[in-house]
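Heads up: the structure comes next, in structure tokens.
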């Protein structure tokens, strides 16, 4: 896992972009903007959300159960991605062309944002594999200057995802 991280500046700024955009469109809403922290898992998430839901009559026990269920669902989803990745990689035939799409999921897997890169790769006979299919839990941060300077968790994940791809390429060239 990452040694340090900060939430993506773009993601942090979204509520502050949405409010004026809605106001400019003549809409007014009360925007909830809690600082969400998840460095220590569900415990930090629960602490972050605790004060936000109190005015809505949602107690600590109900919120804790919701956070635990959400955390468990996310863990199951992540494991299903890794399992699918293992299946895809194991099913590659000799000589079959594949590439790992190294990106944030909301960029690389959105056909509008990425101009349907996965579809274009498939038309070229290349199997696109989302980087989230890779099991990176044992992929240690490289410790180099680039990784050390990467403050953003997903940026660190992108750099870690590049490591097994580089090793696979080196092995293929050997």
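In the numbering used here, the protein residues as written are 32 to 205.
Just so you know, even glycine gets a beta-carbon here, dropped at the ideal spot from N, CA and C.
How big is the Cα-Cα spacing for residue 54 and residue 43?
-> Each residue's Cα considered, the two are about 19 Å apart.
**Item:** Beta-carbon contacts of residue 152 that lie in its chain and below 6 Å, excluding the five residues immediately before and after
**Value:** Contacts found: 159.
Worksheet item: Whole beta strand (DSSP E) runs in the region 137-172 with 3 or more residues, listed along the chain?
Response: 157-161
Exercise for review: Could you please give the first and the last residue of the uninterrupted alpha helix (DSSP H) stretch that includes residue 73?
Suggested key: The continuous alpha helix (DSSP H) containing residue 73 extends over residues 73-84.
Considering only the beta carbon of each residue, do residue 125 and residue 139 sit closer than 9 Å?
Against a cut-off of 9 Å, the Cβ pair of residue 139 and residue 125 comes out as no contact.
Exercise for the section: Would you check if the distance between the CB atom of residue 108 and the CB atom of residue 131 is smaller than 9 Å? Expected result: no
| field | Beta-carbon spacing of residue 62, residue 49 below 9 Å | value | Cβ atoms of residue 62 and residue 49: closer than 9 Å.
Beta-carbon separation (whole angstroms), residue 185 vs residue 113, contact threshold 8 Å: Wrong, their Cβ atoms sit about 17 Å apart, outside the cutoff.
(message) Going by DSSP in three states, residue 129 sits in which element: helix, strand or coil?
(response) strand
* Run through DSSP, which three-state label would residue 196 get? -> helix
According to DSSP, residues forming a beta bridge with residue 183: 37
Open item on the list: Taking 9 Å as the threshold (C-beta atoms), are residue 198 and residue 167 in contact?
Closed with: no
Suppose you measure from the CA of residue 73 to the CA of residue 64; what does that come to, to the nearest Å?
For residue 73 and residue 64, the distance between alpha carbons rounds to 18 Å.
Helix, strand or coil: which one does DSSP assign to residue 202? helix
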